[in-house]
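Reading through the structure tokens given below for one structure.
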Amino acid sequence: MREPARPELIGTLLLLAVLRSFTAVCQPPNDDCAGALTLCAQQALSGDNTGSQSLIPGFCPGTDDLVWFTFTTNSQGGVVDIALTGIDCAQVPGMDNELSVVVLAGDGSCAPASFTSVSNCANDSMDLVVSTQALAPDTPYWIIVSGTANNGATLNANCSFDITASGPGMDIVDVDFDAGPDQEIGEGEVTQLEASGGTSYDWSPTSGLSGNTVPDPFASPTETTTYTVTTEINGCTYTDQVLVEVVRRIAPPNTFTPNGDGINDTWTITGLDQYPGAEVIIYDRWGQRVFRSTGYGEPWDGTNNGVRLPTATYYYHIRLNQVEGNSPPYTGSISIVR
35 MREPARPELI GTLLLLAVLR SFTAVCQPPN DDCAGALTLC AQQALSGDNT GSQSLIPGFC
95 PGTDDLVWFT FTTNSQGGVV DIALTGIDCA QVPGMDNELS VVVLAGDGSC APASFTSVSN
155 CANDSMDLVV STQALAPDTP YWIIVSGTAN NGATLNANCS FDITASGPGM DIVDVDFDAG
215 PDQEIGEGEV TQLEASGGTS YDWSPTSGLS GNTVPDPFAS PTETTTYTVT TEINGCTYTD
275 QVLVEVVRRI APPNTFTPNG DGINDTWTIT GLDQYPGAEV IIYDRWGQRV FRSTGYGEPW
335 DGTNNGVRLP TATYYYHIRL NQVEGNSPPY TGSISIVR
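Be aware that the sequence shown starts at 35, since it is given in the numbering used here, and climbs by one per residue.
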């Protein structure tokens, strides 16, 4: 799985990503309370937005542009820990190069006067954790993440970070959502994808799929394709990916005629040229090796050390020796006809 982009704070621009093992999902702008992204317990979101000036009272001194998250406590309530990790800010003169985080309670109206802080304001250029007071059960709360600047500086500073919510006040959500194993198919072949664990399914891209809203569509892409499947569980969005690699299958012929007439004089194996490390071994009916080649740069001409072999049936063993994983060897018989 690809690692999603991390958040960036560029002057008044804040790009946000919340990371997990799932691939990131684009979210609407969260530069005000109404657009706050839902932060699920131990789950992943990502988004991007332009941070905006806010009329919210300055809960963190010296902060400027804000982005918002929201979370809802579990049925027991309790302390919630908000962690910002992997904070990485470019060193720019005139900037504090820090991020600030504070947790707020509100009545849902997003009116500035409706918010009160339920945690201290924490700021750092390294990892930081802010813990709330004991929160009420089944209640929404809001998180503000903001950048700090010296004396209202407008210089650019790039920042990245990860954000998570955990603690007694958050449910531990065990989600087993999987797009299924990566697959390999030959040109023109069809395979069936095997997603599981979702409540709904939305596949993209849709090219080569028999359907994009079922867990197990048939896939017949014309080229190697990474398919992304998205589901929503308990209000949280998850994605996973599966790679369908399209390869050119090798096709060893079962006979050739090395008689010097220029027609079918060598054992030419279609598709083997894409496997430069392939090993080809040919045996006679007594098990004696009569030909061996690594790479198969020159097709077999029906000789053994320059000596013409008689008309007979021989047996081949071809191992592709791929860099990433190995498929089973190709075995079969090949007849020389003179």
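Ideal placement from N, C-alpha and C gives every residue a C-beta, glycine not left out.
Coarse secondary structure for residue i, derived from DSSP in three states
i              : result
glycine 305    : coil
alanine 312    : coil
glycine 222    : coil
glycine 186    : At glycine 186 the pLDDT is 46, less than 50, meaning the model places this residue with poor confidence and gives no usable figure here.
alanine 145    : coil
glycine 232    : coil
alanine 68     : helix
alanine 213    : coil
leucine 243    : strand
glutamine 275  : strand
valine 179     : strand
alanine 170    : coil
leucine 118    : strand
serine 254     : coil
isoleucine 368 : strand
leucine 227    : coil
valine 280     : strand
proline 62     : Note that proline 62 scores a pLDDT of 40, beneath 50, so its modelled location is shaky; the value from the coordinates is reported in the next line. Proline 62 falls in the coil class under three-state DSSP.
serine 238     : strand
asparagine 288 : coil
isoleucine 206 : coil
glycine 140    : coil
isoleucine 197 : strand
cysteine 155   : coil
leucine 48     : With a pLDDT of only 31 at leucine 48, under the threshold of 50, the placement of this residue in the model should not be trusted; the figure read from the coordinates follows. The answer is strand: DSSP assigns leucine 48 an E or B state.
leucine 73     : coil
serine 134     : strand
Alpha-carbon to alpha-carbon, residue j and residue i
i                 : j                 : result
alanine 199       : isoleucine 116    : 5 angstroms
aspartate 307     : valine 101        : 53 angstroms
glycine 311       : threonine 256     : 25 angstroms
leucine 89        : leucine 169       : With a pLDDT of 41 at leucine 89, under the threshold of 50, the modelled position of that residue is not reliable, and the figure given next carries that caveat. The straight-line gap from Cα to Cα measures roughly 25 angstroms.
tryptophan 320    : proline 333       : 22 angstroms
glycine 186       : valine 179        : With a pLDDT of 46 at glycine 186, under the threshold of 50, the modelled position of that residue is not reliable, and the figure given next carries that caveat. Rounded to the nearest angstrom, the two C-alpha atoms are 17 angstroms apart.
alanine 103       : arginine 282      : As written in the sequence, residue 103 is phenylalanine, which differs from the alanine given in the question. Their backbone Cα atoms lie some 48 angstroms apart in a straight line.
isoleucine 297    : valine 248        : 50 angstroms
threonine 273     : threonine 365     : 40 angstroms
phenylalanine 325 : aspartate 216     : 35 angstroms
asparagine 246    : phenylalanine 252 : 10 angstroms
leucine 79        : threonine 271     : Since pLDDT at leucine 79 reaches only 46, below the 50 mark, its modelled position is unreliable, and the value read off the structure follows with that caveat. Rounded to the nearest angstrom, the two C-alpha atoms are 7 angstroms apart.
arginine 372      : threonine 345     : 6 angstroms
aspartate 318     : aspartate 250     : 45 angstroms
valine 152        : alanine 139       : 6 angstroms
valine 136        : serine 109        : 23 angstroms
glycine 69        : isoleucine 219    : 43 angstroms
serine 327        : valine 341        : 16 angstroms
valine 375        : serine 254        : This structure leaves residue 375 out entirely; the chain is present only between 35 and 372.
proline 174       : aspartate 236     : 28 angstroms
alanine 229       : threonine 240     : 15 angstroms
Residue i vs residue j beta-carbon contact at 8 angstroms
i                : j              : result
leucine 227      : glycine 214    : yes
aspartate 158    : isoleucine 121 : yes
proline 114      : threonine 166  : For the sequence presented, residue 114 should be read as valine rather than proline. Contact: yes.
asparagine 355   : glutamate 313  : yes
threonine 233    : glutamate 266  : yes
glycine 231      : aspartate 205  : no
glycine 203      : glycine 142    : no
valine 278       : threonine 225  : yes
phenylalanine 93 : cysteine 155   : yes
proline 292      : threonine 300  : yes
isoleucine 316   : tyrosine 348   : yes
Reference residue i, options the options, closest by Cα
i              : options                           : result
glycine 329    : Glu218, Ile352 and Asp318         : Ile352
isoleucine 177 : Val224, Ser134 and Gly201         : Ser134
threonine 304  : Thr119, Phe93 and Glu221          : Glu221
cysteine 74    : Ser151, Thr302 and Gly201         : Gly201
aspartate 196  : Glu223, Met160 and Tyr175         : Met160
serine 148     : Leu343, Asp299, Cys67 and Ser369  : Cys67
proline 287    : Val163, Tyr350 and Pro174         : Tyr350
cysteine 258   : Tyr235, Ala229 and Glu223         : The amino acid occupying residue 258 in the given sequence is threonine; cysteine does not appear at that position. Threonine 258 has its Cα closest to that of Glu223, out of Tyr235, Ala229 and Glu223.
valine 276     : Ile284, Tyr261 and Ser244         : Tyr261
leucine 118    : Gly69, Val163 and Thr150          : Val163
isoleucine 368 : Pro146, Gly331, Gly294 and Ala285 : Ala285
glycine 294    : Tyr235, Pro174, Ile370 and Tyr309 : Ile370
glutamine 322  : Gly331, Leu343 and Tyr309         : Leu343
serine 361     : Gly336, Tyr309, Asp335 and Thr337 : Tyr309
Proximity test, residue i beta-carbon vs the ligand ZN heavy atom, cut-off 7 angstroms
i             : result
threonine 304 : As far as ligands go, the structure on display features none, and thus does not contain the ligand ZN.
So within the segment 316-361, which uninterrupted beta strand (DSSP E) runs reach at least 3 residues, ignoring any that extend past its ends? 323-328 and 346-353
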